[in-house]
Amino acid sequence: MSETMKNTTRRRRLFFRRGTTSVEFAVTVPLFLAFLFGALEFGRANMIRHTAQNAAYEAARAAIVPGATAAKAEAAAYTALSYAGIGTATVTITPSVLGPGDNEVTVDVSVPMDPNSYLTPLFLSGKNLEATSTLSREITGL
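Sequence positions in the sequence shown follow numbering that gives the first Met the number 0 and run 0 to 141.
Given below as structure tokens:
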């Protein structure tokens, strides 16, 4: 085969391969972006879940000491939630009025994903992340 024939064949092959990079890019970029945004969303969800568990525990700790009120425990939960930038959450303390006869305190924290996500949630839209902590109250006067 002569040199000009080899060059012609090579040019013809390159001509038919034109655009393959664009097609490969168009196929792989949506998959890459889906993985990237999914990792961001699930990373934020894990951070919210962990912060909600910590807020429930901190609120329960604030509620078990003698003289504690449900308002102080709720404030402790919202303070813990604010560290992660969680602005919308529901904190429920049971019993709602802490008295000397109450042996346990249960704190439930529910955080909706929609207003607390960094991005518009694709996978966890409409979901709530919940955490519960139950602790025994401290007994005084023994």
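Where is the CB? At the ideal position from N, CA and C, for every residue including glycine.
A quick note: this is a predicted structure, and the numbers were derived from the prediction, not measured.
query: If you count every other CB in all the chains shown that lies within 10 Å of the CB of A127, and 16 or more means buried, which is it?
result: Translated into positions along the sequence shown, residue 127 becomes position 128. What sits at residue 127 in the sequence shown is Asn, not Ala. It counts as exposed.
field: Stretch-stretch touch, CB-based, cutoff 8 Å, three pairs: the region 61-68 with the region 21-30
entry: no
message: Tell me the DSSP secondary structure of I138 in three-state form.
response: Stepping through the sequence shown from its first residue, residue 138 is reached at position 139. Reduced to three states, the DSSP call for I138 is coil.
- request: In angstroms with no decimal places, state the Cα-to-Cα distance between S81 and G125.
  value: In the sequence shown, counting from the first residue as 1, residue 81 sits at position 82. In the sequence shown, counting from the first residue as 1, residue 125 sits at position 126. The straight-line gap from Cα to Cα measures roughly 21 Å.
- request: Name the two residues that bound the continuous beta strand (DSSP E) containing P120.
  value: Start at 1 with the first residue of the sequence shown, and residue 120 comes out as number 121. That residue, P120, is in no beta strand (DSSP E); it is neither H nor E in DSSP.
- prompt: Does the region 72-88 come within contact of the region 106-122, defined as at least 3 CB pairs closer than 8 Å?
  reply: yes
Cβ pair count under 8 Å reaching 3, the region 31-45 against the region 88-107: no
field: Residue range of the unbroken alpha helix (DSSP H) whose run includes V22
entry: For the purposes of this step, residue 22 is taken as residue 23 along the sequence shown, with counting starting at 1. Segment T19 to I63, the alpha helix (DSSP H) holding V22.
message: Does R43 pass the burial test, meaning 16 or more other C-beta atoms within 10 Å, or should it be called exposed?
response: For the purposes of this step, residue 43 is taken as the residue at position 44 of the sequence shown. So R43 counts as buried.
message: Just verifying my parser: in three-state terms, what is the DSSP assignment at A130?
response: Residue mapping note: residue 130 aligns to position 131 of the sequence shown, counting from 1. Strand, per DSSP.
- request: Can you give me the start and stop residues for the beta strand (DSSP E) that T89 sits inside?
  value: As a working note, residue 89 is residue 90 in the sequence shown. Residues T89 to T93.
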